[in-house]
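Protein chains in written order, with my numbering: chain A, 3 to 201; chain B, 24 to 209.
Beta carbons: idealized from backbone N, C-alpha and C, even for Gly.
If you're wondering where the values come from, they're calculated on a predicted model, not measured in any experiment.
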């Protein structure tokens, strides 16, 4: 879609090298279709909402990756706990746990073996995810705070569009009423009387 | 707690120090409180002045009303400030993605001594800086996500400036339509 003149005045939203401008444009077009902004102020809000949503998506992607990348060490820690026999330390089973955790991602046999070990303790793969989340708590908490802040700003911006539109509508209604009531506009009879007085 | 005599002595000593006297010293001291420049007005960069002016004109329309123009300027400035914070966020993530961290790695005193000793003996060694960050993932989206994770505290700080710029813009927008309303009622 061809961008309007108003939008070229607004600063471009910066994207990461790995993000595509086309996807950003598609998101903005979707918001424009939905909100149908009129005037530069509404365009500004839509631009803002789109940038915020883009950042929300970026952080959500990041959240998933953070949990996924903690999977291996989470599984390793879990296996160290589960493989340990009475009298053994975590160090004794370290190598076995490391190898199994490494193989879990590529080897179906290793995956099956891990499932069996987990089921011996009434656990399943959600225990690995839980450990991965636990290990990433500090980062996830910070991410969540940022996401909440962005979501609240997005909602506020949406509210601002509505508020601005309502205020503009009210203003236009008042202007229309004034025109209909004849306040501030010269009526034909007034003009005629003015002409006769002048004569 | 300081005694009366100590307080008096401190005050006497403080009076002797009147800050930097040379031009260079004063210039240096003027940047003492400078941290990141995000609270600087956007028009402080000349390139943005033109963009700001265009945006102000677009927002205000064909009016010469000084208050409307001022409100429009506030809105435009806040909008450009928002863009600047967003650019800073992306730049930080890109930098972390490229180098793995924001601050350059530091050498320990022992490593520096070893480096100097080796240099004196005519050898060049490349010491491994202490606290080197873990390797960055090579594949996307893991690499970008890891970069975001590494700059999270900085992003959180920038978020504060972003919220402030957004709040300033909202206030100015309210001021603008309040002004239009009051002008219409005149």
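Beta-carbon gap between residue i and residue j smaller than 9 Å
| i | j | result |
| --- | --- | --- |
| residue 210 of chain B | residue 96 of chain B | Residue numbering for chain B in the displayed model covers 24 to 209; residue 210 of chain B lies beyond these limits and cannot be assessed. |
| residue 52 of chain A | residue 86 of chain A | no |
| residue 152 of chain A | residue 68 of chain A | no |
| residue 20 of chain A | residue 43 of chain B | no |
| residue 196 of chain B | residue 90 of chain B | no |
| residue 160 of chain A | residue 61 of chain A | no |
| residue 174 of chain A | residue 175 of chain B | no |
| residue 65 of chain A | residue 142 of chain A | yes |
| residue 125 of chain B | residue 177 of chain B | yes |
| residue 169 of chain B | residue 205 of chain B | no |
| residue 17 of chain A | residue 49 of chain A | no |
| residue 20 of chain B | residue 187 of chain B | This structure leaves residue 20 of chain B out entirely; chain B is present only between 24 and 209. |
| residue 122 of chain A | residue 84 of chain A | yes |
| residue 99 of chain A | residue 79 of chain A | yes |
| residue 113 of chain A | residue 72 of chain A | no |
| residue 81 of chain A | residue 119 of chain A | yes |
| residue 103 of chain A | residue 75 of chain A | yes |
| residue 111 of chain B | residue 199 of chain B | no |
| residue 113 of chain B | residue 185 of chain B | no |
| residue 82 of chain B | residue 42 of chain A | yes |
| residue 158 of chain B | residue 201 of chain B | no |
| residue 189 of chain B | residue 14 of chain A | no |
| residue 34 of chain A | residue 163 of chain A | no |
| residue 147 of chain A | residue 54 of chain A | no |
Start and end residues, alpha helix (DSSP H) containing residue i
| i | result |
| --- | --- |
| residue 135 of chain B | 132 to 143 |
| residue 148 of chain B | Element bounds for residue 148 of chain B: n/a, residue is neither H nor E. |
| residue 101 of chain A | 96 to 105 |
| residue 130 of chain A | 128 to 137 |
| residue 42 of chain B | Residue 42 of chain B -> no alpha helix (DSSP H), and no H or E assigned at all. |
| residue 93 of chain A | Careful: residue 93 of chain A lies outside any alpha helix (DSSP H) and carries neither H nor E. |
| residue 70 of chain A | 41 to 71 |
| residue 87 of chain A | Note, residue 87 of chain A: premise wrong, no alpha helix (DSSP H); not H, not E. |
| residue 115 of chain B | 89 to 122 |
| residue 165 of chain B | 165 to 173 |
| residue 26 of chain A | 23 to 37 |
| residue 114 of chain A | 110 to 122 |
Cutoff 9 Å: residue i Cβ touching any chain D Cβ
| i | result |
| --- | --- |
| residue 112 of chain B | The displayed structure is made up of protein chains A and B, and chain D is not among them. |
Residues that residue i contacts on chain A, provided the C-beta gap is smaller than 9 Å
| i | result |
| --- | --- |
| residue 138 of chain B | By Cβ distance, chain A contributes nothing, its closest Cβ being about 34 Å from residue 138 of chain B, past 9 Å. |
| residue 144 of chain B | Those within 9 Å of residue 144 of chain B in chain A number zero; the least Cβ separation is about 41 Å. |
| residue 109 of chain B | 13, 15, 16, 53, 57 |
Within chain A, partners of residue i - CB distance below 7 Å
| i | result |
| --- | --- |
| residue 27 of chain B | Those do not exist, as residue 27 of chain B stays about 48 Å from chain A at its closest Cβ, beyond 7 Å. |
| residue 172 of chain B | 64, 68, 141 |
| residue 106 of chain B | 13 |
| residue 103 of chain B | 13 |
| residue 44 of chain B | In chain order: nothing, as chain A lies at least about 42 Å away. |
Residue i CB to nearest heavy atom of the ligand ADP below 8 Å
| i | result |
| --- | --- |
| residue 126 of chain B | You won't find the ligand ADP in this model; it holds no ligand whatsoever. |
8 Å Cβ cut-off: residues of chain A touching residue i
| i | result |
| --- | --- |
| residue 116 of chain B | 18 |
| residue 203 of chain B | 173 |
7 Å Cβ cut-off: residues of chain B touching residue i
| i | result |
| --- | --- |
| residue 67 of chain A | 164, 165, 168 |
| residue 63 of chain A | 164, 168 |
| residue 155 of chain A | 186, 189 |
Within chain B, partners of residue i - CB distance below 8 Å
| i | result |
| --- | --- |
| residue 151 of chain A | 182, 186 |
| residue 147 of chain A | 179 |
| residue 144 of chain A | 175, 176, 179 |
Handout entry: chain A contacts made by the region 73 to 101 of chain B, where a contact means CB separation under 7 Å
Key = 77, 78, 81, 82
Exercise for the section: Taking only beta carbons into account, state which residues of the region 115 to 129 of chain A come closer than 7 Å to chain B, listed in chain order. Expected result: none
Practice task
Name, going along the chain, the residues of the region 161 to 182 of chain A whose beta-carbon falls closer than 9 Å to a beta-carbon of chain B.
Solution key: 162, 165, 166, 169, 170, 172, 173, 176, 177, 180
Practice task
May I ask you to list, following chain order, the residues of the region 184 to 199 of chain B that have a beta carbon less than 7 Å from some beta carbon of chain A?
Solution key: 186, 189, 193, 196
Problem - Residues of the region 37 to 54 of chain A whose Cβ lies closer than 8 Å to any Cβ of chain B, in chain order - result: 42, 43, 46, 50, 53
Exercise for the section: Just list the alpha helix (DSSP H) runs in the region 136 to 167 of chain A, keeping only unbroken ones of 4 residues or longer that don't cross its boundaries, in chain order. Expected result: none
Problem - Members of the region 66 to 99 of chain A near chain B, C-beta cut-off 9 Å - result: 66, 67, 68, 70, 71
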